[in-house]
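Working notes, structure below.
Protein chains: 2
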Amino acid sequence: MATIKEVAKRARVSVGTVSNVLSGGVPVSKRLRERVLEVIQQLDYHPNQIARSLKIRQTNLIGLIVNDTRNPVIFDLLRGAEEAAWRANYMLIVFDTGDKTERERHFVSALRSRRVDGMLLIAAGSSNHDHIAAAEESGIPVVCLERELSGLNLDCVVADASSAARQCVNHLVSLGHRRIGLLDGDPNLETGGRHMSFRQTLEEHNIPYDRALVIHRGLRLEDGFEAGLELLSREQRPTAVLAANSLLALGFLNAMKKSGLTCPEDIALIAFDDPIFAEMLHPSLTAIAHPAFEIGNQGMELLLKRIVDPGQRRSKIVLGSKLVIRESSGSSRTRHASESRP
Amino acid sequence: MATIKEVAKRARVSVGTVSNVLSGGVPVSKRLRERVLEVIQQLDYHPNQIARSLKIRQTNLIGLIVNDTRNPVIFDLLRGAEEAAWRANYMLIVFDTGDKTERERHFVSALRSRRVDGMLLIAAGSSNHDHIAAAEESGIPVVCLERELSGLNLDCVVADASSAARQCVNHLVSLGHRRIGLLDGDPNLETGGRHMSFRQTLEEHNIPYDRALVIHRGLRLEDGFEAGLELLSREQRPTAVLAANSLLALGFLNAMKKSGLTCPEDIALIAFDDPIFAEMLHPSLTAIAHPAFEIGNQGMELLLKRIVDPGQRRSKIVLGSKLVIRESSGSSRTRHASESRP
DNA sequence: CTGAAAGCGCTTACAG
DNA sequence: CTGAAAGCGCTTACAG
Chain Z
13 MATIKEVAKR ARVSVGTVSN VLSGGVPVSK RLRERVLEVI QQLDYHPNQI
63 ARSLKIRQTN LIGLIVNDTR NPVIFDLLRG AEEAAWRANY MLIVFDTGDK
113 TERERHFVSA LRSRRVDGML LIAAGSSNHD HIAAAEESGI PVVCLERELS
163 GLNLDCVVAD ASSAARQCVN HLVSLGHRRI GLLDGDPNLE TGGRHMSFRQ
213 TLEEHNIPYD RALVIHRGLR LEDGFEAGLE LLSREQRPTA VLAANSLLAL
263 GFLNAMKKSG LTCPEDIALI AFDDPIFAEM LHPSLTAIAH PAFEIGNQGM
313 ELLLKRIVDP GQRRSKIVLG SKLVIRESSG SSRTRHASES RP
Chain P
13 MATIKEVAKR ARVSVGTVSN VLSGGVPVSK RLRERVLEVI QQLDYHPNQI
63 ARSLKIRQTN LIGLIVNDTR NPVIFDLLRG AEEAAWRANY MLIVFDTGDK
113 TERERHFVSA LRSRRVDGML LIAAGSSNHD HIAAAEESGI PVVCLERELS
163 GLNLDCVVAD ASSAARQCVN HLVSLGHRRI GLLDGDPNLE TGGRHMSFRQ
213 TLEEHNIPYD RALVIHRGLR LEDGFEAGLE LLSREQRPTA VLAANSLLAL
263 GFLNAMKKSG LTCPEDIALI AFDDPIFAEM LHPSLTAIAH PAFEIGNQGM
313 ELLLKRIVDP GQRRSKIVLG SKLVIRESSG SSRTRHASES RP
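Heads up: the sequence lines are chains Z and P, in that order. Sequential numbering from 13 applies to the first sequence in the numbering used here. Sequential numbering from 13 applies to the second sequence in the numbering used here.
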């Protein structure tokens, strides 16, 4: 692989001059520039970005650490991040922690060794975020996506889970539901107050909050299935359920099927994100239109801004969500008998 | 950010010694080693991998270039690749070309500048792969995934599309279909002979191949929709359709809906991959279980092997696929009238 | 075992 | 404009 030295030799100029025609910072006479460019062509020279990074202390690399690529909306987020990165000439190193803190810790450390210019993070569910704090303090900017890390004061961009929860509860209550379940993720992670808002909105409707109808588990399909079976085994099972994401919703649907129940007749269902296939499910999924692309996109923008200006104030961007009503919430049907229970 | 020099100074040893305790290659006395390790702890020292890469000419970075992250199976593939990379201490730089050759060309070039140790590639649809050939010749190994690049003799791992096509056609013919459509991707890409096998299997059943029922377009949902409308407007429309992936299938389902047609009653449908939601669609999707995880996983293994031994023979790995029969192919229903046409 | 030194391929003041 | 040279932070023969 050709080096700048070889290019310089063949073009009969100094390496500095080659560097100057490449970077365009310092002007180079037309004659030399053309000579250099021609040699670069001939040699199919690709400047060694590693050497460059070492020198200028900048890698144009961003680490993107996500918690679960099984969740289809993650891809929208990735695409959003990539789009912003592309425009700024950055590249993405991507990881999936599978929500395991040890893996996250390992990746963050590896990313620090690689001197990425910044990190985008969907934190794994865990109460210990020392490694994130350490990374920040060492000078590498990190912006949190989807989940806010309590106590860390980082840039973050999240969806408005409070508003989302409120919209869901209002919708379900308006359909006559009073026993509403919630399948949520790790309670240690701030997700914009989904749980809190859920509870509060219920109480505004004078519906007592029933702790037994809330299950905090993972966010995978299997978690939805297991939590679903658990919820369905309650003596007073819910007549409607909110699932923190569509994967949980799919899992819950499986649990219902296994229990011989149908949706929405027996139990209505709403998910907190809206993947491409939601409309084609059976029943089609009432869902919150989750702004995953925007979260990735604005997260990256925010990160790039902080890289340029590390001193700027921390910001928290909250993106609106809106309810897309389809069949699974049963809105078009009359409520069935179980609704009229006390 | 601490450097090896600072660590050496504080531990009162040479930088070479620090390097030796880090790498473990050259033995270091227990006394010095412990002193060094302690300082590393204190300083929260993260060895600069950039400098290391420059010196040892190895980045432990792999470029993964995919054609469309909208396709949910891509994520399985990514996870497969990541799993193998993780075990070998490699990291992934990920790109989405959106099937645009200019983007692919740009990324390949950027990746060469970054001196990645190898590339995993789902090629964009295009007949010109000079940039890939150039990368290979310059000494960076690339293995092709999902699509074989004709004329390039690269390592590749693909699903057995021939067998898949054969299984689909056999299944549909056994249900009485004789007018079978195919929604495929770019014809310039070898996908293991899906199209060819489709045609051949039809002919084995003495069913004339009808060029008008085959549409080569992109692989996105929109492509499925548009190609679907086109197909449905044929004077003799098909009674069954094969879609090259589930995104196309979703698009086609949309086209059917828009045309007032239902699946499988009016037209049966099979997709060539099997995403997590296939079972929950309405109708549930008969599909080929596409080994995406394995393709990513074995692709990465193959790449790592070639990195270690650049001289080894090129291999082509073909992974089996098998048909998962659900509702959309209409297997459980009796065929309707249109079937009995000549 | 340990240290001093060269070198990986760039960029960037600094002289001219 | 152009070139010679120092230096980014490591690794690795080479002496001792």
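C-beta: ideal position from N, C-alpha, C; glycine also.
Residues of chain Z with a Cβ closer than 9 Å to the Cβ of P:THR15 do not exist; the shortest Cβ-Cβ separation is about 11 Å. Contact between P:VAL19 and P:VAL38 is absent: CB atoms are separated by about 16 Å, not below the 8 Å threshold. Interface with chain Z (8 Å Cβ-Cβ cutoff): P:VAL106 is included.
Here the segment 290 to 297 of chain P does not lie against the segment 305 to 312 of chain P, with fewer than 3 beta-carbon pairs under 8 Å apart.
Taken in chain order, the members of the segment 281 to 299 of chain Z whose beta-carbon sits within less than 8 Å of a beta-carbon on chain P are PRO287, ILE288, PHE289, MET292, LEU293, HIS294, PRO295, SER296.
Comparing alpha-carbon positions, the option among Z:ARG45, Z:ALA100, Z:LYS42, Z:LEU133 lying closest to Z:THR81 turns out to be Z:LEU133. DSSP places P:ILE300 inside the beta strand (DSSP E), whose first and last residues are 298 to 301. Taking a contact to require three or more Cβ pairs closer than 8 Å, the segment 163 to 172 of chain P and the segment 313 to 327 of chain P qualify as touching. Membership of P:HIS143 in the alpha helix (DSSP H) is indicated by the continuous run 142 to 149. DSSP places Z:ALA280 in the uninterrupted beta strand (DSSP E) bounded by 280 to 283. Here the alpha carbon of P:ILE86 sits roughly 41 Å from the alpha carbon of Z:LYS17. Beta-carbon to beta-carbon, P:LEU89 and P:ILE307 are separated by about 6 Å, close enough to satisfy the 8 Å threshold.
Here P:LEU259 is not near P:ARG229, since their CB atoms are 8 Å or more apart.
Taking P:ALA14 as reference, the option from P:ASN60, P:LYS269, P:ARG43, P:LEU34 with the minimal CA-CA separation is P:ASN60.
Minimum Cα-Cα distance from Z:LEU34 among the listed residues Z:HIS58, Z:GLN54, Z:GLU215 corresponds to Z:HIS58. By alpha-carbon distance to P:ASP198, the top candidate from P:ASP235, P:PRO322, P:GLU242 is P:ASP235. Distances from the CA of Z:GLN70 to each of P:ILE62, P:ALA23, P:GLY75 were compared; the closest alpha carbon is that of P:ILE62.
Nearest to Z:ARG338 by alpha-carbon distance, out of Z:ASN140, Z:ALA299, Z:MET268, Z:ARG318, is Z:ALA299. Contact between Z:ALA93 and Z:LEU104 holds, with the beta-carbon distance rounding to 6 Å and staying under 8 Å.
If you look at Z:ASP196, you'll find it in the beta strand (DSSP E) that goes 192 to 196. In the pairwise beta carbon analysis, the segment 242 to 259 of chain Z is classified as touching the segment 271 to 287 of chain Z: at least three pairs are separated by under 8 Å.
For Z:ARG159, the number of other beta carbons within 10 angstroms of its own is at least 16, and it is reported as buried. Taken atom to atom, the span from the alpha-carbon of P:GLY263 to that of P:THR274 is near 14 Å. Around P:THR81, the beta-carbon contacts reaching into chain Z at under 7 Å are PHE87, LEU90, ARG91.
Cβ contact annotation for Z:TYR221 (same chain, cutoff 6 Å, sequence separation greater than five): ARG211, LEU214, in chain order. Inter-residue distance for P:VAL181 and P:ALA136 is about 27 Å (C-alpha atoms, whole angstroms).
Not a single CB atom of chain Z sits nearer than 8 Å to the CB of P:ARG99.
P:ALA145 and P:ARG124 do not touch by the CB rule: their CB atoms are close to 13 Å apart, not below 8 Å.
Within the segment 38 to 62 of chain P, the residues whose Cβ lies closer than 9 Å to any Cβ of chain Z are, in chain order, ASP56, HIS58, PRO59, ASN60, GLN61, ILE62. Rounded to the nearest angstrom, the gap between the Cα atoms of P:GLU114 and P:VAL253 is 32 Å. Within 10 angstroms of the beta-carbon of Z:GLU116 lie 16 or more other beta-carbons, which makes it buried. The C-beta distance from Z:LEU73 to Z:VAL128 rounds to 5 Å, short enough to meet the 8 Å contact threshold.
P:SER209 and P:SER174 have their C-alpha atoms roughly 5 Å apart. By the CB criterion at 8 Å, P:SER341 and P:LEU225 fall outside the cutoff.
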